[in-house]
Amino acid sequence: MFIDSHCHFDFDVFNDQRDELMARCLDHGILGFLVPATTFISWRRLDMLIERYPQWRAAYGLHPYFLKEASLEQVDFLGEQCEAKRVVAVGEIGLDYWPSAVDINVQMNFFKRQLSVAKSLRLPVIVHARKSYDLVLKCLREVGFKEGGVIHAFNGSFEQAKRFLDLGFVLGVGGTVTYPRANKARRVLSALESSAFILETDSPDMPLNGFQGQNNTPLSIPFIAQCVATIREEDVEQITMQTYANLLRVFPKWNEDLL
0 MFIDSHCHFD FDVFNDQRDE LMARCLDHGI LGFLVPATTF ISWRRLDMLI
50 ERYPQWRAAY GLHPYFLKEA SLEQVDFLGE QCEAKRVVAV GEIGLDYWPS
100 AVDINVQMNF FKRQLSVAKS LRLPVIVHAR KSYDLVLKCL REVGFKEGGV
150 IHAFNGSFEQ AKRFLDLGFV LGVGGTVTYP RANKARRVLS ALESSAFILE
200 TDSPDMPLNG FQGQNNTPLS IPFIAQCVAT IREEDVEQIT MQTYANLLRV
250 FPKWNEDLL
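Heads up: the sequence shown at position 201 corresponds to 200 in numbering that gives the first Met the number 0, and the numbers run straight through without jumps.
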């Protein structure tokens, strides 16, 4: 059984093909999907879709890249939103140093407030961290956050990976490792303990090597698993079983409220 631990299946790009794509995923043994919200307005849409697809799990949060559309008052509704059915985490939240993103001090304020909500609910978090790993670690320590979660699309050093692992996080591994030039990511992946990572696509983003310019989908998960198995010199069945066990450990509410 494959699980896509991070896909934006609620995005409009999937509107005309969502049912067909879901059927194809199930046929290929991809049986679980974690869909993290990105904006306040997307929470309601994800609410409706989660009722339609029992294989989905939800996370709610305000993504750092889209904070120009957000207000701190929206964080006040986050706790109530995260009490909805099949919610397993707060996310996607974090820090993004991309040039067009919101001022980093504003991002930090939103991030720490959302961490505090997750801490109060004892929920793990899905963390977006682009060029900001050390600052994310600083925020986690300042809030005293100990519920763990996932560092989405991790692309840092082995030393940074260890710091997150020591705080109870696992690392999201996706399409980046399918690129032969991703030497650092591959070295880190090969050195990690088997308990340290889970599989994700970030659909419709992060296309695999050879599929640049195309929308990514959860159908990529078996290919990512095979690439991870090759890099780590392990069987793909072993990767699949271990990453599923890792996911259940970091998201203990995963199997609650099953239909």
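Cβ atoms here follow ideal geometry from the backbone N, Cα and C, with glycine treated the same way.
- DSSP lists Arg129 as the beta-bridge partner residues of Asp95.
- Here Pro179 is exposed, its C-beta having fewer than 16 other C-beta atoms within 10 Å.
- Beta-bridge pairing by DSSP links Leu170 to Ile150, Phe196.
- Beyond the five residues adjoining it in sequence on each side, Leu20 comes within less than 7 Å, by CB distance, of Phe13, Thr216 in the same chain, given in chain order.
- Here Gly78 carries a helix assignment [DSSP, helix/strand/coil].
- Counting along the chain, Leu114 sits inside no beta strand (DSSP E); it lies in the alpha helix (DSSP H) bounded by residues 103 to 120.
- The continuous stretches of alpha helix (DSSP H) do not include Leu61, and DSSP gives it neither H nor E.
- Per the DSSP secondary-structure output, Gly31 pairs in a beta bridge with Ile2.
- For Asp46, the enclosing alpha helix (DSSP H) begins and ends at 39 to 51.
- For the 8 Å CB-CB criterion, Val142 and Ile125 do not form a contact.
- Note on geometry: alpha-carbon atoms of Ala57 and Asn182 lie some 32 Å from one another.
- Going by C-alpha positions, Met205 is about 20 Å away from Leu246.
- Annotation: Tyr52 to Tyr59 spans about 17 Å, alpha carbon to alpha carbon.
- In this structure, Leu77 is the residue among Leu77, Gly155, Thr239, Thr229 with its C-alpha nearest to the C-alpha of Lys111.
- DSSP places Glu68 outside any alpha helix (DSSP H), giving it a letter other than H or E.
- In the DSSP assignment, Asn182 falls within the alpha helix (DSSP H) that extends over 182 to 190.
- Between Val135 and Leu94, the CB-CB gap stays under 8 Å.
- C-alpha of Ala228 to C-alpha of Asp75: approximately 42 Å in a straight line.
- Residue pairing by DSSP places Ala88 opposite Ala58 in a beta bridge.
- Shown here for Ile2: same chain residues with a beta carbon closer than 8 Å to its own, the five before and five after excluded, namely Ile29, Leu30, Gly31, Phe32, Leu33, Ile197, Leu198, Ile220, Thr242, Tyr243, Leu246 in chain order.
- Apart from sequence neighbours up to five positions away, the residues of its chain that approach Phe163 with a beta-carbon distance below 6 Å are Ile150, ordered along the chain.
- Counted as a single uninterrupted DSSP element, the stretch harbouring Met205 is not any alpha helix (DSSP H), since DSSP gives it neither H nor E.
- Distance from the Cα of Ala184 is smallest, within the candidate group Phe168, Ala88, Gln159, for Gln159.
- By the C-beta density criterion, Gln113 is buried, having at least 16 other C-beta atoms within 10 angstroms.
- Residue pairing for Val124: DSSP places it in a beta bridge opposite Val89, Gly148.
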